[in-house]
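Student: Numbering (full-length UniProt numbering), first residue to last: 1 to 389. Take this structure first; my questions come after.
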């Protein structure tokens, strides 16, 4: 059993490595490739907004185009069948229109999944209905050609997966219903889905298209994630830059106000940093900033964020914490002196802490301003200290 377990682990690691090379995954990104559970709140919101915008566009187009095909149905099929298809098309068009309006909701991962699921569920339901309605009917050559066209709807729908940046579990979740519907519809046709072709061959072709669309979707996700990381990171310290930090603060503050959890903001500034640049040059100053960023990030939790606010200023965002807890946590960093200048002299921090709801600050801007004011007071009163009041 141990030998089998070892062989399985070796095989799985080689699979991960091959997938990582194909999709250009960085070390540690494989979990984000499989599931969205560990995506940062900011990236999850960014991805959800992108997905909702594409669903809205596709739903609006289908809402207009779907009923137009009724003209062809009425000129080809008997009146009863064409009328039933017309009702199904009108219902589908209304559903697409409602979905387009739904996509104006606040962007979130749950809303994005619901939107994509509905966008795929509407044509899936129409496909099943049309296959049952048209089962074992006898039509003219033109009518039979249209029936064949309806059978290709799953291919069009599953190709649409490539429009969205999805994780692996999401591609499976969204493709399985249509694949199941495709096989289910065969039960109503004695001649098979397409005359002259084996259904298993068609299903295999549909499966290949699904795999290719899923790969395109996953590649799109990785490209989006890479571009997103470049846009939010400070190029020197690899911390969040100010623009992305402000977006994160806005998101965290909105959640804190809604869910009533404490949110702490810390404003830190390296003491006497200008002397480093003046005496040793900007390259030495960059090394000090990089060391300071690494030290600060290592001292925080995974749920916290460190933002390079500008120059030697850093802002820490710490949800579900009190000012007292943060003050004790940061005292060791402020006074440790582990950050050194090129001549070996120790450097310290000055900082200010603001916390909602303890402080009277109902916006993230007010929290940052209050923490900034307390940081400047710490500077004036001797540096190497942090004030929470």
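Even glycine gets a Cβ: it sits at the ideal position worked out from N, Cα and C.
Extract the residue ranges of the alpha helix (DSSP H) inside the UniProt domain "GGDEF" (261-389), only unbroken runs of 4 or more that lie entirely within it.
Tutor: List check, alpha helix (DSSP H) in window: 273-280, 282-298, 323-336 and 364-380.
Student: Suppose you measure from the CA of residue 391 to the CA of residue 72; what does that come to, to the nearest Å?
Tutor: In the structure as shown, the chain starts at 1 and stops at 389, and residue 391 therefore has no counterpart that could be examined.
Student: Please classify residue 110: is it buried, with 16 or more other beta-carbons within 10 angstroms of its beta-carbon, or exposed?
Tutor: Here residue 110 refers to the residue found at position 110 when the chain shown is read from its first residue. Under this definition residue 110 is an exposed residue.
Student: May I have the straight-line CA-CA distance separating residue 162 from residue 304, to the nearest angstrom?
Tutor: Your numbering for residue 162 matches position 162 in the chain shown. Your numbering for residue 304 matches position 304 in the chain shown. For residue 162 and residue 304, the distance between alpha carbons rounds to 33 Å.
Student: Mind listing, in chain order, the continuous beta strand (DSSP E) runs of no fewer than 3 residues lying wholly within the region 46-88?
Tutor: Here no run is fully enclosed.
Student: Let me check one thing: in DSSP terms, what residues is residue 233 bridge-paired to?
Tutor: Mapped onto the chain shown, residue 233 falls at position 233. DSSP, once it has assigned bridges, lists 240 as partnering residue 233.
Student: Going straight from the alpha carbon of residue 174 to that of residue 310, what length do you get?
Tutor: Counting from 1 along the chain shown, the entry for residue 174 is found at position 174. Counting from 1 along the chain shown, the entry for residue 310 is found at position 310. Going from the Cα of residue 174 to the Cα of residue 310 covers about 43 Å.
Student: Have a look at residue 193 and residue 210 and give me their C-alpha separation to the nearest angstrom.
Tutor: For the purposes of this step, residue 193 is identified with residue 193 of the chain shown, where counting begins at 1. For the purposes of this step, residue 210 is identified with residue 210 of the chain shown, where counting begins at 1. In this predicted model, residue 193 has a pLDDT of only 49, less than 50, meaning its place in the structure is not dependable enough to derive any value.
Student: Is the beta carbon of residue 399 sitting closer than 9 Å to the one on residue 378?
Tutor: With the chain covering only 1 through 389, there is no way to say anything about residue 399.
Student: Tell me whether residue 103 is buried or exposed, calling it buried when 16 or more other Cβ atoms sit within 10 Å of its Cβ.
Tutor: Against the chain shown, residue 103 aligns to sequence position 103. Under this definition residue 103 is a buried residue.
Student: Roughly how many angstroms separate the alpha carbons of residue 92 and residue 182, rounded to a whole number?
Tutor: Position 92 of the chain shown, counted from the first residue, corresponds to residue 92. Position 182 of the chain shown, counted from the first residue, corresponds to residue 182. Approximately 19 Å between the Cα atoms of the pair.
Student: Which same chain residues end up closer than 7 Å to residue 90 when comparing Cβ atoms and leaving out the 5 residues on each side of it in sequence?
Tutor: Numbered from 1 along the chain shown, position 90 holds the residue referred to as residue 90. The answer, listed in chain order, is 67.
Student: Quick one: measure Cβ to Cβ for residue 364 and residue 250, integer angstroms, because I've assumed they're closer than 8 Å.
Tutor: In the chain shown, the residue the question calls residue 364 occupies position 364. In the chain shown, the residue the question calls residue 250 occupies position 250. Contact flag correct, Cβ pair sits at about 6 Å.
Student: Measure the CB-CB distance between residue 178 and residue 127 and report whether it falls below 9 Å.
Tutor: On the chain shown, position 178 is the one that residue 178 refers to. On the chain shown, position 127 is the one that residue 127 refers to. It is a contact, given that the beta carbons lie within the stated cut-off.
Student: Quick one: what does DSSP say residue 184 is sitting in, helix, strand or coil?
Tutor: Within the chain shown, residue 184 is the residue found at index 184, counting from 1. Correct three-state label for residue 184: helix.
Student: How should residue 225 be labelled, buried or exposed, when 16 other C-beta atoms within 10 angstroms of its C-beta is the threshold for buried?
Tutor: Within the chain shown, residue 225 is the residue found at index 225, counting from 1. Looking at its Cβ environment, which holds 16 or more other Cβ atoms inside 10 Å, residue 225 is buried.
Student: Cα separation between residue 34 and residue 107?
Tutor: For this step, residue 34 is matched to residue 34 along the chain shown. For this step, residue 107 is matched to residue 107 along the chain shown. Residue 34 and residue 107: Cα-Cα distance of roughly 21 Å.
Student: Is it buried or exposed, residue 78, if we count other Cβ atoms within 10 angstroms and call 16 or more buried?
Tutor: Within the chain shown, numbered from 1, the residue matching residue 78 stands at position 78. Exposed: under 16 other Cβ atoms inside 10 Å.
Student: Whose C-beta lies closer than 8 Å to the C-beta of residue 196 among residues of the same chain, with five residues either side of it excluded?
Tutor: Start at 1 with the first residue of the chain shown, and residue 196 comes out as number 196. Only weak support exists for where residue 196 lies, its pLDDT of 44 falling under 50; the coordinates are left without a value.
Student: Measuring alpha carbon to alpha carbon, tell me which residue in 383, 284 and 143 is nearest residue 344.
Tutor: Here residue 344 is taken as the residue at index 344 of the chain shown, counted from 1. Comparing Cα-Cα distances from residue 344 to each of 383, 284 and 143, the minimum goes to 284.
Student: Using 8 Å as the threshold, is the region 213-220 in touch with the region 156-172, meaning 3 or more CB pairs across them?
Tutor: Yes, since at least three Cβ pairs between the region 213-220 and the region 156-172 fall closer than 8 Å, the two stretches touch.
Student: Quick check: residue 32 and residue 116, are their CB atoms within less than 9 Å of each other?
Tutor: Numbered from 1 along the chain shown, position 32 holds the residue referred to as residue 32. Numbered from 1 along the chain shown, position 116 holds the residue referred to as residue 116. No; because the gap between Cβ atoms is not below 9 Å, this pair is not in contact.
Student: Whole angstroms are fine: how far does the CA of residue 94 sit from the CA of residue 46?
Tutor: Counting from one through the chain shown, the residue named residue 46 turns up at place 46. Counting from one through the chain shown, the residue named residue 94 turns up at place 94. Distance between the alpha carbons of residue 46 and residue 94 is about 28 Å.
Student: Is it buried or exposed, residue 395, if we count other Cβ atoms within 10 angstroms and call 16 or more buried?
Tutor: The displayed coordinates of the chain run from 1 to 389. Any statement about residue 395 would go beyond what the structure contains.
Student: Would you kindly check if the distance between the Cβ of residue 276 and the Cβ of residue 288 is under 9 Å?
Tutor: In the chain shown, the residue the question calls residue 288 occupies position 288. In the chain shown, the residue the question calls residue 276 occupies position 276. Cβ atoms of residue 288 and residue 276: closer than 9 Å.
Student: So the alpha helix (DSSP H) residue 146 belongs to, where does it begin and stop?
Tutor: Counted from its first residue, the chain shown places residue 146 at position 146. Start and end: 141-151.
Student: Could you give the distance in angstroms between the alpha-carbon of residue 222 and the alpha-carbon of residue 43?
Tutor: As a working note, residue 222 is residue 222 in the chain shown. As a working note, residue 43 is residue 43 in the chain shown. So the two alpha carbons sit approximately 12 Å from each other.
Student: Do you know whose CA, among 238, 150, 244 and 315, lies nearest residue 268's CA?
Tutor: Stepping through the chain shown from its first residue, residue 268 is reached at position 268. Among 238, 150, 244 and 315, the Cα nearest to that of residue 268 is on 315.
Student: Using the beta-carbon count (16 or more within 10 Å), is residue 340 buried or exposed?
Tutor: Residue numbering aside, residue 340 sits at position 340 when the chain shown is read from its first letter. Result: exposed.
Student: What is the rounded straight-line gap between the Cα of residue 60 and the Cα of residue 96?
Tutor: Counting from 1 along the chain shown, the entry for residue 60 is found at position 60. Counting from 1 along the chain shown, the entry for residue 96 is found at position 96. Going from the Cα of residue 60 to the Cα of residue 96 covers about 7 Å.
Student: Reducing DSSP to helix, strand and coil, say where residue 108 ends up.
Tutor: In the chain shown, the residue the question calls residue 108 occupies position 108. Three-state result, residue 108: coil.
Student: Following a CB-centred definition, is residue 137 positioned closer than 8 Å to any heavy atom of the ligand FAD?
Tutor: Of the ligands one can find in the structure shown there are none, so the ligand FAD has no counterpart to examine.
Student: Express the C-alpha separation of residue 369 and residue 232 in angstroms, rounding to a whole number.
Tutor: Here residue 232 corresponds to residue number 232 of the chain shown, with the count starting at 1. Here residue 369 corresponds to residue number 369 of the chain shown, with the count starting at 1. Using only the alpha carbons, I get a separation of about 22 Å.
Student: According to DSSP, is residue 193 helix, strand or coil?
Tutor: Taking the chain shown and counting its residues from 1, the one referred to as residue 193 is at position 193. Any answer about residue 193 is weak, because its pLDDT of 49 lies below 50 and its placement is not dependable; what the coordinates show is given next. Residue 193: coil per DSSP, three-state reduction.
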